[in-house]
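To convert, count from 1 in the sequence shown and add 588; that's the working numbering.
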Amino acid sequence: MFVVQFSVAKEFDKIPHLKPEDIETIRNWLKTQPHLPNQQVTDLDIVLAYHCCEYNMELTKQVIDLNYTLRTMFSFYSNRDINKSLELALHTWLITPLQTATPEGYRAVYCQLLDDDPKKSVYSDLVRAFVMILDLWQYEEGTVPGIIIIVNMDKVTLNHITRIDLKVAQEFFYFIQEAMFIRLKEFHFINAPVFVDKMLTMMKPIMKKEMLDLLKVHQVGSNTLEQYIHLETLPKDAGGHNENSQELRDKVWNKLKLNKKFFEEESKKRVVESKRPGQPKTISTIFPGLEESFKNLEID
589 MFVVQFSVAK EFDKIPHLKP EDIETIRNWL KTQPHLPNQQ VTDLDIVLAY
639 HCCEYNMELT KQVIDLNYTL RTMFSFYSNR DINKSLELAL HTWLITPLQT
689 ATPEGYRAVY CQLLDDDPKK SVYSDLVRAF VMILDLWQYE EGTVPGIIII
739 VNMDKVTLNH ITRIDLKVAQ EFFYFIQEAM FIRLKEFHFI NAPVFVDKML
789 TMMKPIMKKE MLDLLKVHQV GSNTLEQYIH LETLPKDAGG HNENSQELRD
839 KVWNKLKLNK KFFEEESKKR VVESKRPGQP KTISTIFPGL EESFKNLEID
């Protein structure tokens, strides 16, 4: 299915205190920033950024700059092709937004391992798939009160964890904490294995305390997730009433294939550091020590 951009006019209806003049103010600021992709940034992009920053004008400007700066720097935004590596990632993991909202109106992004061969889980491609799916979903859905991420760890082994690219992991978690145009509310691990503590130990250095506070771990056989979401929204093979994981995976993959044009246009939303007022930014200026921070970190 070809996606259609969510109407900005509907955003003004949905959020009464969102005003057209606010978007115009941010747009006028964008025009003063020669390094930013003003021509490619849509009004919906501005609305998403303004919403995620809870309508703080100055914070929104900072987050917009950081968002497009990191999209330019990070490897998982450098390749938006619908190619074989992406196909393998999405035949290995299901990554899909769920339709039913939580009681608070939050929307869930559900992730589940489908193929348990650790060699097929290429972490950089999984992150690339995740952000592509979320970008396309936001384009179609517009703003939501909050996002929750659910990772079903059934079938996940310690071999999967040891294959995580720690540099990409740090970049990914930095991006969702500091620059992604979402309000992240919860991060759930369900069917957590006995070694989940090792995984959390690995994650702690790359997460702020506020992010760690969002983590919820649900043991195998636990029903505690139902405190947060309607369980029927999960895939059939995960105990819900939704389509099964294979059917959901096929829908996601087909949707990406049909919307290549969206990603071609999105890939133009990048900064030109040589035009940035003042000093150009690099990864080392954004967070010094990235290259060294995990050099000695291993899973026992």
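Yeah, the Cβ is synthetic: ideal placement off N, Cα and C, and Gly gets one too.
Please read all numbers here as calculations on a predicted model, not as lab measurements.
For residue 718, there is no enclosing beta strand (DSSP E); the residue is found in the alpha helix (DSSP H) stretching over 711-729. For residue 651, the enclosing alpha helix (DSSP H) has its first and last residue at 645-661. Following the DSSP letters along the chain, one finds residue 740 in no alpha helix (DSSP H) but inside the beta strand (DSSP E) bounded by residues 735-740.
With contact defined as three or more Cβ pairs closer than 8 Å, the stretch 711-728 and the stretch 667-676 are in contact. About 7 Å separates the beta carbons of residue 706 and residue 745, which is inside the 8 Å limit, making them a contact pair.
With fewer than 16 other CB atoms across the displayed protein chains lying within 10 angstroms of its CB, residue 808 is exposed. In this structure, the alpha-carbon of residue 590 lies about 16 Å from that of residue 685.
Under the three-pair Cβ rule at 8 Å, the stretch 689-696 does not count as touching the stretch 656-667. For residue 681, the beta-bridge partners assigned by DSSP are 701.
Taking C-beta atoms under 8 Å as the contact rule, residue 700 and residue 740 qualify, at a distance of about 4 Å. Taking C-beta atoms under 8 Å as the contact rule, residue 776 and residue 804 qualify, at a distance of about 5 Å.
A direct Cα-to-Cα measurement between residue 616 and residue 860 gives close to 19 Å. Going by DSSP, residue 820 is part of no beta strand (DSSP E) at all; its letter is neither H nor E.
The stretch 812-829 and the stretch 784-797 do not touch, with fewer than 3 CB-CB distances between them shorter than 8 Å. Residue environment for residue 870: exposed (fewer than 16 other C-beta atoms within 10 angstroms of its C-beta). When the beta-carbon positions are compared, residue 722 and residue 697 come within less than 9 Å of each other.
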